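Report on one structure; see the data block that follows.
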Amino acid sequence: MDDEPGLYRAYADAARRLVDRGAIAISSACGYTVRYQEAVAAAVKVPVAAGSLLLAPTVIRHLPPEAKLGVVVANEKYVGTDLLGTIRDPEERARVAVDGISASILVESELKRPTGMAPIPDSDTERHLTDAVQRLLAAQPHIGAFIFECTEFPKFAPKLRRLTGLPIYDHITSRGIMLEAMTCQRDPTTVTADQ
């Protein structure tokens with residue numbers, strides 16, 4: 000997804016319409032929409048989580064200083080500094096390694112296929128996703144966690160967590176954090192380890 004200046008306003012307008020219809024939070028499954036996070040958040044008075052890449056600064060800080068963050072995207076051609084812009088510190092940004100599945104059937108043909116065609120086989124997407132994860136681990140053996148950018152990736156995350164033994168964050172994680180914070184009803188008298 001290329002950056003389109005007109006989309007900032009379109010995303011903000013769409014968010015306002017959602018809130019007018021009763022939305023109490025707004026999220027996006029596509030990680031590339033992180034570029035519209037600030038515009039949407041400024042347009043509404045509800046929490047906004049525009050995709051999994053929004054988690055990058057937090058996940059980097061979860062890791063030891065020498066560890067890297069692997070980011071797997073649908074099409075690596077679209078991941079420039081603007082999509083990693085939520086990581087403001089250049090030293091932290093240098094700890095991010097990106098790979099993608101641009102050679103997969105999902106990326107090569109999904110948007111070109113007429114509606115109603117047979118779905119793309121999960122096996123092709125899973126193979127390309129697994130290959131991207133393994134390439135990142137081979138190139139960057141100190142990867143401590145992954146962020147999966149694409150809407151289609153969460154269904155493969157459990158298997159890849161088992162394969163790598165590493166945390167994998169995705170748009171479901173991002174949305175879950177936001178919704179958990181909005182709905183959690185903890186007993187205020189409960190003592191936790193951080194008190």
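Numbering-wise (numbering that gives the first Met the number 0), the sequence shown opens with residue 0 and increments by one.
Just so it is clear, CB atoms sit at the ideal spot from N, CA and C, and this is done for glycine as well.
Just so you know, these numbers come straight off a predicted model, no measurement behind them.
Rounded to whole angstroms, what is the Cα-Cα separation between residue i and residue j?
{"i": "ARG126", "j": "SER103", "result": "9 Å"}
{"i": "ILE25", "j": "PRO64", "result": "32 Å"}
{"i": "MET181", "j": "PRO46", "result": "9 Å"}
{"i": "ILE171", "j": "CYS149", "result": "11 Å"}
{"i": "GLN36", "j": "TYR77", "result": "17 Å"}
{"i": "GLY69", "j": "VAL95", "result": "6 Å"}
{"i": "GLU179", "j": "GLU90", "result": "31 Å"}
{"i": "ASP169", "j": "PHE155", "result": "11 Å"}
{"i": "ILE59", "j": "ALA9", "result": "31 Å"}
{"i": "ASP193", "j": "GLU3", "result": "Per-residue confidence for ASP193 stands at a pLDDT of 48, beneath the threshold of 50, marking its modelled position as unreliable; no derived number is given."}
{"i": "HIS61", "j": "ILE142", "result": "12 Å"}
{"i": "THR191", "j": "PRO118", "result": "Because the pLDDT at THR191 is just 46, under 50, the model does not fix this residue reliably, and the value given afterwards should be weighed accordingly. One C-alpha to the other measures close to 47 Å."}
{"i": "ALA22", "j": "LEU54", "result": "22 Å"}
{"i": "ALA13", "j": "ALA93", "result": "34 Å"}
{"i": "LEU128", "j": "PRO157", "result": "13 Å"}
{"i": "GLY5", "j": "GLN133", "result": "37 Å"}
{"i": "ALA40", "j": "ARG34", "result": "11 Å"}
State yes or no: is the C-beta of residue i within less than 8 Å of the C-beta of residue j?
{"i": "LEU165", "j": "ALA144", "result": "yes"}
{"i": "VAL43", "j": "PHE152", "result": "no"}
{"i": "SER101", "j": "ASN74", "result": "yes"}
{"i": "PRO56", "j": "THR85", "result": "yes"}
{"i": "ALA28", "j": "TYR7", "result": "no"}
{"i": "ALA66", "j": "ASP98", "result": "no"}
{"i": "ARG160", "j": "ILE167", "result": "yes"}
{"i": "ASP88", "j": "LEU105", "result": "no"}
Pull up the DSSP beta-bridge partners for residue i, would you.
{"i": "ASP98", "result": "VAL71"}
{"i": "ILE167", "result": "PHE145"}
{"i": "ILE25", "result": "VAL47"}
For the putative contact between residue i and residue j, defined by C-beta atoms under 8 Å, what is the C-beta separation to the nearest angstrom?
{"i": "ILE146", "j": "SER51", "result": "5 Å"}
{"i": "ALA11", "j": "THR32", "result": "Between THR32 and ALA11 the Cβ distance is about 12 Å, and since that is not below 8 Å, they are no contact."}
Count the CB pairs spanning the stretch 12-19 and the stretch 119-137 that are closer than 8 Å, and state whether there are at least three.
Between the stretch 12-19 and the stretch 119-137, the count of C-beta pairs closer than 8 Å stays below three; the two stretches do not touch.
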